[in-house]
Amino acid sequence: MTQFTDLGLAKPLLKALADEGYVNPTPIQAQAIPGVLSGKDLLGIAQTGTGKTAAFALPILHRLAENKQPAPRRSARVLVLAPTRELATQIGESFKTYGKHMGVTVAVVFGGVKYGGQMRALAPGVDVLVATPGRLLDHLGEKSITLDGVEILVLDEADQMLDMGFIVPIRKIVKFLPRQRQNLFFSATMPSEIEKLSGEILNPNPVKVAVTPQATTVDRVNQRVLFVEQQRKRALLAELFDDGGFKRVIVFTRTKRGADRVARGLEQAGVEAASIHGDKSQGQRERALAEFKAGKVRALVATDIAARGIDIDSVSHVVQYELPNVPESYVHRIGRTARAGADGSAVAFCADDERNLLKDIEKVTRQRIPSFDRRNDRHLGAATAAMPDVGGKPERPDTRGSQPHRGQHQAKRNRNHAGAKPPGRSEGRAEGRPAQGDAKPAFKGPRRGGGGGGAGRNGGGNGGGGRSSGGSSGVWSNR
653 MTQFTDLGLA KPLLKALADE GYVNPTPIQA QAIPGVLSGK DLLGIAQTGT GKTAAFALPI
713 LHRLAENKQP APRRSARVLV LAPTRELATQ IGESFKTYGK HMGVTVAVVF GGVKYGGQMR
773 ALAPGVDVLV ATPGRLLDHL GEKSITLDGV EILVLDEADQ MLDMGFIVPI RKIVKFLPRQ
833 RQNLFFSATM PSEIEKLSGE ILNPNPVKVA VTPQATTVDR VNQRVLFVEQ QRKRALLAEL
893 FDDGGFKRVI VFTRTKRGAD RVARGLEQAG VEAASIHGDK SQGQRERALA EFKAGKVRAL
953 VATDIAARGI DIDSVSHVVQ YELPNVPESY VHRIGRTARA GADGSAVAFC ADDERNLLKD
1013 IEKVTRQRIP SFDRRNDRHL GAATAAMPDV GGKPERPDTR GSQPHRGQHQ AKRNRNHAGA
1073 KPPGRSEGRA EGRPAQGDAK PAFKGPRRGG GGGGAGRNGG GNGGGGRSSG GSSGVWSNR
């Protein structure tokens, strides 16, 4: 079996890997690292949990070690674009963990927080900058950073960038980059729009790495579908938590309001729960994640957008309270369990009006998911009182974050970008829409403020990421 010592990585990197207890690379790491070390562009198709962060972080750090030079002022040698602040924070932590014996400087910037601390961190220049697209465009507009010194560009979770309407901002960012650069492009799926974008960014004849068939589900996940009436889903969810094996569970909903309602309902049923979505402040999101990691809450109720970047080991179950409108999101959701070589379970609720969504999922994943019929279950009818209705008007699915046809509203998204107002206090009001200060065009006028650190863990098998803790922030640097 291949070991990290066989890949030709610099000694400081091997020492950092040994410190973390990593010996053998995951398949994507073993395939991608040699190509990146050679300086070639790379196109990687890999699901979450495969260790892809280390697949690009390790060879990038090796190349920085081979060619030591000061980071250009107000610029960066490496730019990594990520769709969410959680994922950006975790990528930054991975670079910090692997580069701790190298003295590299790393900064992470994202929207939803003030600008002062970010500007101060960027002013002297950094080796590695991890950013969300919108906030980076704002800094480019304010001239608090240039991209003239970028040698390597990494685009992570490209298909999620598409879902969130970030393709236009990405194309704008690419125009600021030097033409001579190495490009690393990662996506869990390869729809036509993403294939087109990769062709625009990558140089001819990139190294291609695919560690799993497109849109397939993790082999170690035990999947099942439970057919149930919409009005009995709350009772069925409460029943699942009667099983002591449901120790650390992520529950997915389509909407932000739905996430809050399900979390409140679980609490009323005696299950410790927290919700996470785009309307939560950075501090609230970090607290919810910290409590979930520490086992203080059994259930983390999340929307698809907020869950991107969550990388937590030992998630026992994923429950899809509502099926996603985009079949590929089913794959992303269940990828939150069975990480780092562990087994996991995924349960999906399916009401009658969701049958077509299930058919689409089974078509895309090329499988027939085992199903069980819990409709007309008298026990659930009696158990409804255990999880009372938490109130609120009926809500429509938040299709802005997970659309049946990705290209259908792209033009509308683009118009929204073109006429957007300057960034505000939060990261955005609707899941799947570019966040305020995180995907809007650059603003006019100075901004002031500051920030501290982030929190996250990037695992994904051997060679996964590091740990961190800190306060609410939009910038992190290891200077």
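Its first residue numbered 653, the sequence shown is counted upward by one per residue in the working numbering. Heads up, the beta-carbon is just placed ideally off N, CA and C, and yes, glycines get one too. Keep in mind the model is a prediction, meaning the values are calculated, not measured.
Next item on the list: Specify whether the stretch 668 to 679 and the stretch 731 to 750 touch according to this definition: at least 3 beta carbon pairs, one from each stretch, less than 8 Å apart.
Entry: The stretch 668 to 679 vs the stretch 731 to 750: in contact.
Check: Three-state secondary structure (DSSP) at Asp-894?
Finding: Taking the first residue of the sequence shown as 1, we reach residue 894 at position 242. Of the three classes helix, strand and coil, the one that applies to Asp-894 here is coil, per DSSP.
Notebook entry, point to check: Since Asp-779 is in the beta strand (DSSP E), which residue starts that stretch and which ends it?
Noted result: Stepping through the sequence shown from its first residue, residue 779 is reached at position 127. That run of the beta strand (DSSP E) goes 778 to 783.
Check: Helix or strand or just coil, what does DSSP make of Ile-712?
Finding: As a first step, residue 712 must be located in the sequence shown, where it is residue number 60. Helix at Ile-712.
Item checked: Paired residues, beta bridge with Gly-996 - DSSP -> One-based indexing of the sequence shown puts residue 996 at position 344. Answer by DSSP bridge pairing, in chain order: Val-873.
Checklist line | Burial state of Lys-848 (16 or more Cβ within 10 Å) | finding: Taking the sequence shown and counting its residues from 1, the one referred to as residue 848 is at position 196. When all chains shown are included, Lys-848 counts as exposed.
Next item on the list: Let me know the secondary structure DSSP gives Arg-729 once reduced to three states.
Entry: Looking up residue 729 in the sequence shown gives position 77. Three-state DSSP puts Arg-729 in a strand.
Check: With 16 as the cutoff for other CB atoms within 10 Å, does Phe-656 come out buried or exposed?
Finding: Walking along the sequence shown from the start, residue 656 turns up at place 4. So Phe-656 counts as buried.
Notebook entry, point to check: Tell me the DSSP bridge mates of Asn-835?
Noted result: Your numbering for residue 835 matches position 183 in the sequence shown. The partner list for Asn-835 (beta bridge, DSSP) reads Leu-805.
Check: Whose C-alpha, out of Met-816, Leu-694, Ser-927, is nearest the C-alpha of Pro-856?
Finding: Taking the sequence shown and counting its residues from 1, the one referred to as residue 856 is at position 204. Check the Cα spacing between Pro-856 and each of Met-816, Leu-694, Ser-927: the tightest is with Leu-694.
Next item on the list: Using only alpha-carbon positions, find the residue among Glu-938, Ala-1000, Asp-1012, Thr-654 that is nearest to Thr-741.
Entry: Working through the sequence shown from its first residue, we reach residue 741 at position 89. Ranking Glu-938, Ala-1000, Asp-1012, Thr-654 by CA distance to the CA of Thr-741 puts Glu-938 first.
Margin query: Assess contact between the stretch 681 to 700 and the stretch 782 to 794, defined as three or more Cβ pairs (one per stretch) separated by less than 8 Å. Is contact present?
Written below: Taking one beta carbon from each stretch, the stretch 681 to 700 and the stretch 782 to 794 have fewer than 3 pairs nearer than 8 Å; the two do not touch.
Notebook entry, point to check: Do Leu-713 and Val-756 have their C-beta atoms closer together than 8 Å?
Noted result: The count along the sequence shown starts at 1 and reaches residue 713 at position 61. The count along the sequence shown starts at 1 and reaches residue 756 at position 104. Yes; because the gap between Cβ atoms is below 8 Å, this pair is in contact.
Item checked: Spatial distance of Gln-683 from Pro-711 (CA atoms) -> Numbered from its first residue, the sequence shown carries residue 683 at position 31. Numbered from its first residue, the sequence shown carries residue 711 at position 59. Roughly 12 Å between the two C-alpha positions.
Notebook entry, point to check: Can the beta-carbon of Ile-1021 be found less than 8 Å from the beta-carbon of Gln-875?
Noted result: Numbered from its first residue, the sequence shown carries residue 1021 at position 369. Numbered from its first residue, the sequence shown carries residue 875 at position 223. Yes.
Notebook entry, point to check: What does DSSP give as the partner residues of Lys-860 in its beta bridges?
Noted result: One-based indexing of the sequence shown puts residue 860 at position 208. Lys-860 is bridged to Leu-695.
Item checked: Three-state secondary structure assigned by DSSP to His-984 -> As a first step, residue 984 must be located in the sequence shown, where it is residue number 332. Three-state DSSP puts His-984 in a helix.
Margin query: Measuring only the C-alpha atoms, how far is Ala-810 from Phe-837?
Written below: The residue given as residue 810 occupies position 158 in the sequence shown. The residue given as residue 837 occupies position 185 in the sequence shown. So the two alpha carbons sit approximately 7 Å from each other.
Next item on the list: Note down the Cα distance separating Pro-1074 from Arg-787, rounded to an integer number of angstroms.
Entry: The count along the sequence shown starts at 1 and reaches residue 1074 at position 422. The count along the sequence shown starts at 1 and reaches residue 787 at position 135. Low per-residue confidence applies at Pro-1074: pLDDT is 36, beneath 50, and the placement is therefore not dependable enough to give any value.
Item checked: Alpha carbon of Ala-1094 to alpha carbon of Lys-766, nearest angstrom -> Looking up residue 1094 in the sequence shown gives position 442. Looking up residue 766 in the sequence shown gives position 114. Model confidence at Ala-1094 stands at a pLDDT of 35, short of 50, so the residue's coordinates are unreliable and nothing is read from them.
Checklist line | Range of the contiguous beta strand (DSSP E) that encloses Gln-972 | finding: Counted from its first residue, the sequence shown places residue 972 at position 320. DSSP places Gln-972 inside the beta strand (DSSP E), whose first and last residues are 969 to 972.
Note to self: For Asp-1025, list the residues DSSP reports as bridge partners.
What the structure shows: For the purposes of this step, residue 1025 is taken as the residue at position 373 of the sequence shown. Its beta-bridge partners are Phe-879.
Notebook entry, point to check: Any idea if Ser-796 is buried or exposed, counting beta-carbon neighbours within 10 angstroms, 16 or more meaning buried?
Noted result: Walking along the sequence shown from the start, residue 796 turns up at place 144. It counts as buried.
Notebook entry, point to check: Quick one: is Asn-1008 buried, meaning 16 or more other Cβ sit within 10 Å of its Cβ, or exposed?
Noted result: As a first step, residue 1008 must be located in the sequence shown, where it is residue number 356. Flag for Asn-1008 reads exposed.
Note to self: Less than 8 Å between the beta carbons of Ile-957 and Gly-930, yes or no?
What the structure shows: Sequence index remark: in the sequence shown, residue 957 carries index 305 (1-based). Sequence index remark: in the sequence shown, residue 930 carries index 278 (1-based). Their beta carbons are under 8 Å apart, which means Ile-957 touches Gly-930 by this criterion.
Next item on the list: For the beta strand (DSSP E) containing Phe-904, list its first residue and its last residue.
Entry: Residue numbering aside, residue 904 sits at position 252 when the sequence shown is read from its first letter. It spans 901 to 904 - the beta strand (DSSP E) in which Phe-904 sits, taken as one unbroken run.
Margin query: I'd like the span of the alpha helix (DSSP H) that includes Ile-819, first residue to last.
Written below: Mapped onto the sequence shown, residue 819 falls at position 167. Note, Ile-819: alpha helix (DSSP H), 819 to 827.
Next item on the list: Assess, as a yes-or-no matter, whether the stretch 944 to 953 is touched by the stretch 822 to 838 under the definition of 3 or more beta carbon pairs within less than 8 Å.
Entry: Between the stretch 822 to 838 and the stretch 944 to 953 there are fewer than three inter-stretch CB-CB distances shorter than 8 Å, so the stretches are not counted as touching.
Check: Starting from Leu-1010 and walking both ways along the alpha helix (DSSP H), at which residues does that stretch end?
Finding: By 1-based counting over the sequence shown, the position of residue 1010 is 358. Where Leu-1010 is concerned, the enclosing alpha helix (DSSP H) stretches over 1007 to 1017.
Next item on the list: Name the residue from Leu-733, Leu-665, Leu-889, Lys-945 whose alpha carbon lies nearest to the alpha carbon of Glu-718.
Entry: In the sequence shown, counting from the first residue as 1, residue 718 sits at position 66. For the residues Leu-733, Leu-665, Leu-889, Lys-945, the minimum Cα distance to Glu-718 belongs to Leu-665.
Checklist line | Pairwise C-alpha distance: Thr-705 and Glu-745 | finding: As a position in the sequence shown, residue 745 is number 93, starting the count at 1. As a position in the sequence shown, residue 705 is number 53, starting the count at 1. Roughly 10 Å between the two C-alpha positions.
Checklist line | Pair within 8 Å by beta-carbon distance, Arg-1026 and Leu-888 | finding: Along the sequence shown, read from residue 1 onward, the residue named residue 1026 stands at position 374. Along the sequence shown, read from residue 1 onward, the residue named residue 888 stands at position 236. Inclusion of Arg-1026 and Leu-888 in the CB contact set at 8 Å is warranted, their separation being smaller than that value.
Check: Where does Val-688 fall in DSSP's three states?
Finding: Working through the sequence shown from its first residue, we reach residue 688 at position 36. DSSP places Val-688 in the helix class (H, G or I) of the three-state scheme.
Next item on the list: Please look up how many angstroms separate the CB atoms of Ala-990 and Ser-966, rounded, as I've assumed it's under 8 Å.
Entry: Taking the sequence shown and counting its residues from 1, one reaches residue 990 at position 338. Taking the sequence shown and counting its residues from 1, one reaches residue 966 at position 314. Rounded, the Cβ-Cβ distance is 10 Å, inconsistent with contact.
Next item on the list: Determine, using beta carbons only, whether Gly-777 and Ala-709 come nearer to each other than 8 Å.
Entry: Here residue 777 is taken as the residue at index 125 of the sequence shown, counted from 1. Here residue 709 is taken as the residue at index 57 of the sequence shown, counted from 1. Not closer than 8 Å, so no.
Check: Buried or exposed: which applies to Gly-935, given that a residue is buried once 16 or more other Cβ atoms fall within 10 Å of its Cβ?
Finding: To locate residue 935, count along the sequence shown from 1; it is residue 283. Result: exposed.
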